[in-house]
Amino acid sequence: ISPQFWAWRPGRINKIKKRVNHVAVILPFEEDFYRKHEIPVTFVGHPLLDSNLPPIDMKNEKRAQINPTIGFLPGSRDKEIERHLPIMLNAARILRNRKKNTKFIVSIAHTVKRKLVEAIVEKYQQADEFELLENHVEKVFERSELVVATSGTVTLEAAIFGVPGLIIYKVSPVSYLFGKILVKVQHIGLANLIAGREIMPEFIQKRATPENIAETVEKMLNDPSALERSRKELLGIRKALGGPGASERVADLAIQMLENNL
34 ISPQFWAWRP GRINKIKKRV NHVAVILPFE EDFYRKHEIP VTFVGHPLLD
84 SNLPPIDMKN EKRAQINPTI GFLPGSRDKE IERHLPIMLN AARILRNRKK
134 NTKFIVSIAH TVKRKLVEAI VEKYQQADEF ELLENHVEKV FERSELVVAT
184 SGTVTLEAAI FGVPGLIIYK VSPVSYLFGK ILVKVQHIGL ANLIAGREIM
234 PEFIQKRATP ENIAETVEKM LNDPSALERS RKELLGIRKA LGGPGASERV
284 ADLAIQMLEN NL
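Counting from 34, one number per residue, gives the positions in the sequence shown under this note's numbering.
Have a look at this one:
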């Protein structure tokens, strides 16, 4: 997978230019980036689409308003969980006061110990109302009207499944300062980067508050037509990723390069 030169320290591209004959990229906008630097490149599609994906399922709009289910995707590393899950749980508390029938699922990545998530959830009143689901993020997507996700590949997975949502991310003040200096992109969410605009609202650093998240989720749930539009836009992201077969296309490219050099 190509390093994200387009996001930060683009000057590193010169090392690739000297050492690589051809680059296979998995994000559509990466192709233009490499071409601008006169590096042979082929967009092969994203490997996430090689999984057995269900068809985009348009959720029941009435259920979204009356008995909504919100999926929380707090991250794949311990520090991400410790930083983001409490924000999500506090947002859930606000939402529960406004929408009594709201249900919440917390996704536990295979890289995270269940005990860590349980310890954080148990600090909150009515902790038993949060369903914890391990290793099956696709089931969270299938059951959720929308998701609140920590920035990462999982936000692109949500887009592929056609599940609207919002993206949050918080780091230490020092890390954020360096990030502001080094990172050269308008959005952090992969779906938004591919679309070239904000399909999934982003709440970064100081904006990543329980109040902001709860308010945005409530607005989204109260506007079924907007949710439907968002799902259709996410379907466009899925189509832009090139369809299944990324691994085969990379293999074909490698074979072609070998044959041309014989």
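Built from N, CA and C at the ideal position, the CB exists for glycine as well.
If you're wondering where the values come from, they're calculated on a predicted model, not measured in any experiment.
- In the DSSP assignment, A57 forms a beta bridge with T75.
- Only residues of its own chain outside the window of five on either side were considered, and among them L199, I200, T249 have a CB closer than 8 angstroms to the CB of P234, listed in chain order.
- A contact is defined here as three or more CB-CB pairs under 8 angstroms, and the segment 222 to 231 meets this definition with respect to the segment 41 to 61.
- Counting the other Cβ atoms within 10 Å of the Cβ of A247 gives 16 or more, which makes it buried.
- In this structure, D65 is the residue among H169, D65, S258 with its C-alpha nearest to the C-alpha of P73.
- Linking S208 to Q238 through their CA atoms gives a straight-line distance of about 11 angstroms.
- Here the segment 179 to 198 makes no contact with the segment 156 to 166; the two share fewer than three CB pairs at distances below 8 angstroms.
- In the three-state reduction of the DSSP assignment, V181 falls in the strand class, which pools E and B.
- Within the same chain, Cβ atoms closer than 6 angstroms to the Cβ of V154 are found at A160, F163, the five residues on either side in sequence being excluded.
- DSSP places S140 within a strand segment (E or B) once states are collapsed to three.
- Scanning its chain for C-beta atoms nearer than 7 angstroms, with the 5 sequence neighbours on each side dropped, one finds around G276 the residues G78, L82, in chain order.
- Taking the CA atoms as reference points, I114 sits about 48 angstroms from N293.
- A straight-line Cα-Cα distance of about 7 angstroms links N100 and K136.
- In terms of Cβ geometry, K132 and E251 form a close pair [threshold 8 angstroms].
- It is roughly 43 angstroms from the alpha-carbon of E281 to the alpha-carbon of T242.
- In the DSSP secondary-structure assignment, I201 is bridged to T183, F236.
- With 16 or more other Cβ atoms from the protein chains shown falling within 10 Å of its own Cβ, K203 counts as buried.
- Here L166 is bridged, per DSSP, to S140.
- Separation of H117 and P80 (C-alpha to C-alpha, rounded to the nearest whole angstrom) is 27 angstroms.
- Between the C-alpha atoms of A228 and R45 there is a straight-line separation of about 25 angstroms.
- The Cβ-Cβ distance between S35 and G104 does not fall below 8 angstroms.
- Here I232 really is in contact with E266; their C-beta atoms are around 5 angstroms apart, less than 8 angstroms.
- For L260, the enclosing alpha helix (DSSP H) has its first and last residue at 257 to 273.
- Counted as a single uninterrupted DSSP element, the alpha helix (DSSP H) harbouring L128 occupies residues 111 to 131.
- Between L286 and T75, the CB-CB gap stays under 8 angstroms.
- Assignment of F38 by DSSP, reduced to helix, strand and coil, places it in the coil class.
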